[in-house]
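A.B. asks:
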Amino acid sequence: MSAVEDIKLEAKRRVELARANHSTVDIAIRTFRRFSEDEGGPSAAALTYYFFFSIFPLLLFVGSLLGLATFLNAELKEDILRAGLDAAPLIRDVLTRDGLEILQDKRSQLALVALLMALYAGSGVIVALEHALNKINRCTVELSFVQKRIRSFKFMAMFAVGALVSLSLSAAGKLIGNVAELGIFGSIVGPLVAYAGAIAVTTGLFAACYRILPACDLSWRDVLPGAITAAVIFEILKLAGGAYLAQGEATRSSTFGAFATAAALLIVSYLLAQVTLLAAELNAVILERRRMRGGL
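Residues 46 to 341 (my numbering) are what the sequence shown spells out, left to right.
(1) In its own chain, which residues sit with a C-beta less than 6 Å from the C-beta of Val186, not counting the 5 before and 5 after it?
(2) Can you grab the Cα-Cα spacing for the pair Ser213 / Ala63, in whole Å?
(3) By how many angstroms is the C-alpha of Ser81 removed from the C-alpha of Ala253?
(4) Within 10 angstroms of its Cβ, does Gln319 collect 16 or more other Cβ (buried), or is it exposed?
(5) Return the chain-ordered list of same chain residues with a C-beta closer than 7 Å to the C-beta of Phe204, the five sequence neighbours on each side being excluded.
(6) Report all residues from its chain with a CB closer than 6 Å to the CB of Ile331; omit the five preceding and five following residues, and keep chain order.
(7) Whose C-beta lies closer than 6 Å to the C-beta of Ala324 among residues of the same chain, with five residues either side of it excluded?
(8) Going by other Cβ atoms of all chains shown within 10 Å of its Cβ, with 16 needed for buried, is Thr69 buried or exposed?
(9) If we ignore side chains and look at the alpha-carbon of each, how far apart do Gly207 and Leu284 end up?
(10) Cβ atoms of Ile171 and Ser197: under 8 Å apart, would you say?
(11) Going by the beta-carbon positions, is the gap between Glu280 and Thr247 smaller than 8 Å?
(12) Whose CA, out of Val158, Ala73 and Leu316, lies closest to the CA of Ala90?
(13) I need the boundaries of the alpha helix (DSSP H) containing Arg75, first residue and last residue.
(14) Measure the Cβ-Cβ separation of Leu258 and Glu333 and say whether it is below 8 Å.
(15) With DSSP collapsed to three states, give me the class of Arg338.
(16) Determine the burial state of Asp83: buried for a count of at least 16 other Cβ atoms within 10 Å of its Cβ, exposed for fewer.
(17) Give the straight-line distance between the Cα atoms of Val277 and Ile244, rounded to the nearest whole angstrom.
(18) Unbroken alpha helix (DSSP H) runs of length 4 or more, entirely within the stretch 151 to 180: which are they?
(19) Rounded to whole angstroms, what's the CA-CA distance from Ile52 to Val60? Just pull it up for me.
(20) So, are the CB atoms of Tyr255 and Ala166 less than 8 Å apart?
(21) Helix, strand or coil, according to DSSP, for Ala260 in the structure here?
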């Protein structure tokens, strides 16, 4: 028993030594510790719940809008659809070819209903995120129910535009990469520029989220580290998500049957929720360290 205790003490000593000598180690440990203290797991679960019930009406709305693009020729429309689905692998599992045709045929009936459902469920996501960010940033003032809903609708509009631009850039990278006539530009440079633009837009969205939603005063400098971290991880998940989902598709199908896609949505949603909150905790830890050292 004493040997085990000695090992534990030695491990703790080495961890504390690493924290003292390397600020990155200290920041990482404090970030995960704060995440646990702030009940980040339950907060991420709440975000996942609201996101799960908002994604389906949102996909219905997007699929219905696709049917309105009648001015595009069939071949170009097919290329845009394929590139868009490849840029978001999980959507590819939800929006099947037959499903898209049904949505396009019934676009006039579904578009408005799906938009209203997405707005209602999406506002729940933003309000839950507001509450979590207020807790992370130790904000003592909570806005009223009406104020939170108004802010959520404003942020959803901004988020929708940014997400559309980010997805469009990723899809553009896929399209450029498939154009053989562009040579090395089409195969390497074009997609890299498109992905860099997508990361920049995603960083801006996360920065706006971390600065605008909490009910306390934060500067762009305060939220930038977490925004960059979250954006990079988000893009990595988006690229690696297709391979992960394809690899586990057979297992999910045998385990969940018809609910395999829903299970995949839950997994990805929970991962994104955790990344979002951990990046917010990272901002809070870095800000605390700066204040402790008089770097306001």
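All residues carry an ideal CB built from backbone N, CA and C; glycine is no exception.
C.D. replies: In short:
(1) Ala260
(2) 43 Å
(3) 24 Å
(4) buried
(5) If we look at Phe204 and ignore the five residues flanking it on each side, its Cβ neighbours are Leu250.
(6) Pro270
(7) Cβ within range, chain order: Gly271, Thr274 and Ala275.
(8) exposed
(9) 18 Å
(10) yes
(11) In this structure, the beta-carbon distance from Glu280 to Thr247 falls below 8 Å.
(12) With distances taken between CA atoms, Ala90 lies nearest to Leu316 out of Val158, Ala73 and Leu316.
(13) Ser68 to Glu82
(14) It is not a contact, given that the beta carbons lie outside the stated cut-off.
(15) coil
(16) buried
(17) 7 Å
(18) Counting whole runs of 4 or more residues, the stretch 151 to 180 contains no alpha helix (DSSP H) stretch at all.
(19) 12 Å
(20) no
(21) coil
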